[in-house]
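Accompanying notes for the structure given below.
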Amino acid sequence: MKLQKIAACTLIVFLALGSVIAQRSETTVEQEYLNSVEDVIVKELAAADDRDSKLVSLQYLELALDSGKVSPDMVYALEMLAGEGSFTQVRTNGRLANNFPDIRAKACDLLAKAKTEESKQILLKVILADNEPMVTTAAIRSLGEIGLNDKNDVLEAISWTEKKYAILNPTSSLALEILNAYEKLAPTATDNTSMIQSISAIATNYNYVTPVRTKALNLLKQLTGR
Numbered sequence: 000m001k002l003q004k005i006a007a008c009t010l011i012v013f014l015a016l017g018s019v020i021a022q023r024s025e026t027t028v029e030q031e032y033l034n035s036v037e038d039v040i041v042k043e044l045a046a047a048d049d050r051d052s053k054l055v056s057l058q059y060l061e062l063a064l065d066s067g068k069v070s071p072d073m074v075y076a077l078e079m080l081a082g083e084g085s086f087t088q089v090r091t092n093g094r095l096a097n098n099f100p101d102i103r104a105k106a107c108d109l110l111a112k113a114k115t116e117e118s119k120q121i122l123l124k125v126i127l128a129d130n131e132p133m134v135t136t137a138a139i140r141s142l143g144e145i146g147l148n149d150k151n152d153v154l155e156a157i158s159w160t161e162k163k164y165a166i167l168n169p170t171s172s173l174a175l176e177i178l179n180a181y182e183k184l185a186p187t188a189t190d191n192t193s194m195i196q197s198i199s200a201i202a203t204n205y206n207y208v209t210p211v212r213t214k215a216l217n218l219l220k221q222l223t224g225r
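Taking numbering that gives the first Met the number 0, the leading residue of the sequence shown gets 0, the next gets one more, and so forth.
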C-alpha cells in the first residue's frame, strides 16, 4: 500500500512538472494552482517517515530547480530534508530512526541551486548542527557556490567548522571543499584573518593528504601575495 501511494504521488508530481516546463511561457490561474498543488505534495513527501518518499521529493526538487523554478515551499522542503536527523530527530527505543545522511547531503547540494539568502541560512544551520562529514562537505560546497557572505558570516562559520573537524575528525575531502569555498568567497571578505588562519592550519595538518595541503599553501600565497 505504501509503495502504491509513493508511486501515485511520484506520477502526479512528475506529470505536473512536465506541464510546468512545457507551459512556462503561458502561466495561467490554473497553472499557478497546479504549481501550488505539486509543492504541497512535495512537502508531504519530504515530511514522510520513509526514506523512499524523501528520495522522490529530492528527484522532483532537482528537476524543478534545473528547470528554473524556485518557490518558498520548495526551499522549505529542502530545509526539512537537509535537517532530517539533525534539526529533527525521531528516536525508536533510544535509537535515531531518521538518520539519512545521504538525503541531507543531496538536499544541501540542491540548496546551492536556489541561491537565496534563505538557502544560505539553512546551510549555515547545517554546518553548525550536523556531525556527518559528507553532509558538512556538501553544505560548505553549496555555500561557496551561492557566494553570499554578509558581514563575514559564512567565512566565520566555515572557519569554525574547520577547527571542529580538525580536532574531532580530520577529513581530506571536507578540507578540500573548505579551501574551494574560501577561494570563491575570498573577494567578499571584510576581514580575512580567520580565513587565513584556517588555511594555514590545513596546510600544516598532516592528517590531510598531500594534494589538499599543497592547495592550501598555494591559496595562502595567492591571498597573502607571498
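Idealized CB from N, CA, C, for every residue including glycine.
Just so it is clear, the structure is predicted and the values come from calculations on it, not from any experiment.
About 4 Å separates the CB atoms of residue 104 and residue 137; that is less than 8 Å, so the two are in contact.
Burial state of residue 181 is buried, judged by a 10 Å Cβ sphere holding 16 or more other Cβ atoms. A contact is defined here as three or more CB-CB pairs under 8 Å, and the stretch 55-62 fails this definition with respect to the stretch 87-97. Counting C-beta atoms within 10 angstroms of its own C-beta, residue 197 has 16 or more neighbours from the protein chains shown and is therefore classed as buried. Of all alpha-carbon atoms in 171, 68, 102 and 195, the one lying nearest the alpha-carbon of residue 45 is that of 102. Distance between residue 145 and residue 114, taken at the CA atoms: about 5 Å. By the beta-carbon neighbour count (other beta carbons within 10 angstroms, threshold 16), residue 66 is exposed. Between residue 123 and residue 153, the C-beta gap is smaller than 9 Å, which places the two residues in contact. In the assembly as shown, residue 139 is a buried residue. Its beta-carbon has 16 or more other beta-carbons within 10 Å. DSSP places residue 131 in the coil class of the three-state scheme, outside both helix and strand.
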